Amino acid sequence: MAKTKSVVVPVDGASSTRSNLAIHIATAAILGGLALGGWYLGDEFLDALEETMIVLEDSPWLELARVSLVIAVFALAWRVYLAATYRPQEPCADGELPSITVVVPAYNEGAQVQKTIQSIAASDYPAERMQILAVDDGSRDDTWLWMERAAAGLPGRVELVRLAVNSGKRAALYAGFQRARGEILVTMDSDSEVLPQTLRHLVTPMVRDHLVGAVAGNVRVLNRTKGVIPRMLDVNFTFSFDFIRASQSRINTVMTTPGALSAYRFAVVKPLLAAWLHQRFLGRPANIGEDRSLTNFVLRSGYHAHFARKAVVLTEVPLEYRGMCRMFLRWARSNVRETLVMTSFLFRRFRSTPALGARVNLFIHLFRMTAGEWLKLGAVGVILAAPDVMAINLFMGAAIGGMLPALVYVWHRRDSNFLWSFPYMLLWMVGLSWISLWALLTPHKNGWLTRGLTSDRPSQAVPVKAVETEGSGISHG
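Under my numbering, the residues of the sequence shown are numbered 2 to 478, in order.
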């Protein structure tokens, strides 16, 4: 059986072994660099802004840009306040831990699925209260063999389910849910690994508060050292979770509990699963965005969705630009669909607890999803009319836009990788900003886009009937 290397990742600033001096030095470097750049390019930037105003004079984009700036400043202040006041909870003691079922759907994952299962089994969580279910969604490679190896190395702890044909991640999760015996459902991607304390931290919000129906884990990049794109995405993920989801958690409304790692109260989602499985959008099955969809189902039922900062999961991300675009496009399309779904209930009385903060967040999100895309069209006009002006605006925009993610990364990770925030912001403006606009125009497309059989993996025939192997029972005590 293959052995896995333990992955050591600092869970937050307090657990880092580096001195707080690193934070102050990095912060000073960021601010100093921006100040120096602003001083050096200040005149050029102001001239560029003036020329931009001339180009946009008497156009609807100019007034929209002014309104957008006001809303952006408010949104920034609002989110900074919420994120700064977020506090992770202390983990539950053994006697408080509920029984859980961890469902791992896999399709053409190969050897990584074994490492995923092993990381779950190695968790600091009572084995008698943990059911591990791995579901092979009709893989055409050797994923099933790696699942069998994982189960053989963990006698009685892993249950395997094999679907006869590839039915999609939502169907694979549903197959696992149907066999679940835990009080809490944990979903985890097959290309991810958890730390020993992760599951304990993940279930804690639901133990402490009976109104919490879903919890989002804290996603970081497993293959960060494999290239430039993973390094940039690691900064992006830290900002998305340690800042955005932390702020959303403060108002009990995390918008997306990620597929990489999330937990759901089984009693809450059980009556919702049939509707979730058969969800349709624009007359077609909703094949993507199953995580955002299930979050909406939980929220619409009146329950809260929280974020657990210390519930760290490391996940593999694309190494190339094309793969990253496909991943973001899939997320963006499901975002369009589920934002419309959320709008249908969030402005009504959908729960007994206050929801004003959730409505403020949704308004900001809707404005960005509509007016923000309209402004991109205006930017195209500026590029055509004055390309030199736009070039200066892009570089200054990358410097300013990359500052907050860099600061968040330094604060939580104490790592020089924060510097990738600035080239990532430039890449986003030049090479990724088209994705959300294209998603807005093509939300009906449901392709997964990123899961295929690579040439270096052996194919394997799937039997006509699904095969299921049973593991041991699970105690609810």
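Backbone N, C-alpha and C fix where the C-beta goes; we use that ideal spot for every residue, glycine too. Predicted model only: the values in this text are computed from it and were never measured.
In the three-state DSSP reduction, serine 263 falls in the strand class (E or B).
Gln115 is the residue among Pro406, Gln115, Leu200 and Ile185 whose C-alpha sits nearest the C-alpha of alanine 151. Between phenylalanine 242 and arginine 310, the CB-CB gap stays under 9 Å. Where methionine 328 is concerned, the enclosing alpha helix (DSSP H) starts and stops at 322-347.
Given a length threshold of 3 residues, each whole run of the beta strand (DSSP E) inside the segment 129-170 is given here in chain order: 131-137 and 159-163. If you draw a straight line from the Cα of serine 294 to the Cα of methionine 426, it comes to about 28 Å. In this structure, the CA atom of arginine 327 is about 12 Å from the CA atom of lysine 446.
Comparing alpha carbon positions, the residue from Asp137, Tyr265 and Met131 closest to valine 105 is Asp137. Judged by DSSP secondary structure, threonine 117 falls within the alpha helix (DSSP H) whose first and last residues are 113-122. Its chain contains Met426 as the residues whose beta carbon lies nearer than 6 Å to that of glycine 402, once the 5 sequence neighbours on both sides are disregarded; these appear in chain order. Secondary structure remark: continuous alpha helix (DSSP H) runs of at least 4 residues inside the segment 380-435, in chain order: 388-402, 404-414 and 422-428.
Take asparagine 288, set aside five residues on each side of it, and the residues of its chain with a beta-carbon closer than 6 Å to its own are Gly169 and Asn447, in chain order.
Less than 9 Å separates the beta-carbon of proline 286 from that of histidine 279. Take the alpha-carbon of leucine 77 and the one of phenylalanine 308: they are about 19 Å apart. A distance below 6 Å between beta-carbons, with the five flanking residues on each side excluded, links histidine 305 to the following residues of its chain, in chain order: Leu212, Val213 and Asn253. By the neighbour-count criterion, in which a residue is buried when 16 or more other Cβ atoms sit within 10 angstroms of its Cβ, threonine 344 is exposed.
Taking a cut-off of 8 Å on C-beta distances, the segment 211-231 does not touch the segment 165-180, as fewer than three cross pairs fall below it. Using a Cβ distance threshold of 9 Å, asparagine 219 and valine 314 count as a contacting pair. Taking each of Leu300, Phe244, Met256 and Phe329 in turn and checking the Cα distance to leucine 433, the smallest one comes out for Phe329. Residue environment for threonine 443: exposed (fewer than 16 other C-beta atoms within 10 angstroms of its C-beta). Secondary structure of serine 193 (DSSP, three-state): strand. Look at the segment 204-264 and you find these whole runs of beta strand (DSSP E), each 3 residues long or longer: 213-222. With respect to serine 437, asparagine 297 sits apart: the two C-beta atoms are not nearer than 9 Å. By the criterion of a C-beta distance shorter than 8 Å, proline 206 is surrounded in its chain by Gln90, Val213, Val216, His307 and Ala309, once the five residues flanking it on both sides are discounted. Taking all protein chains in view, the Cβ of tryptophan 435 is surrounded by fewer than 16 other Cβ atoms within 10 Å, so the residue is classified as exposed. DSSP places leucine 186 within a strand segment (E or B) once states are collapsed to three. With a cutoff of 9 Å on beta-carbon distance, threonine 86 and arginine 251 are scored as near each other. The DSSP-derived three-state label of isoleucine 101 is strand. Runs of beta strand (DSSP E) with 3 or more residues, each lying fully within the segment 284-325, are found at 305-316, listed in chain order. About 16 Å separates the Cβ atoms of glutamate 160 and phenylalanine 267, ruling out a contact at the 8 Å cut-off. When DSSP reads this structure, phenylalanine 364 sits in no beta bridge, so it has no partner. Bounds of the alpha helix (DSSP H) holding leucine 274 are 274-278.
Note that the segment 351-365 touches the segment 254-261; at least 3 beta-carbon pairs, one per stretch, sit closer than 8 Å. Between alanine 264 and threonine 188, the C-beta spacing is below 9 Å.
Spanning the alpha carbons of leucine 378 and alanine 440 requires a straight line of approximately 15 Å.
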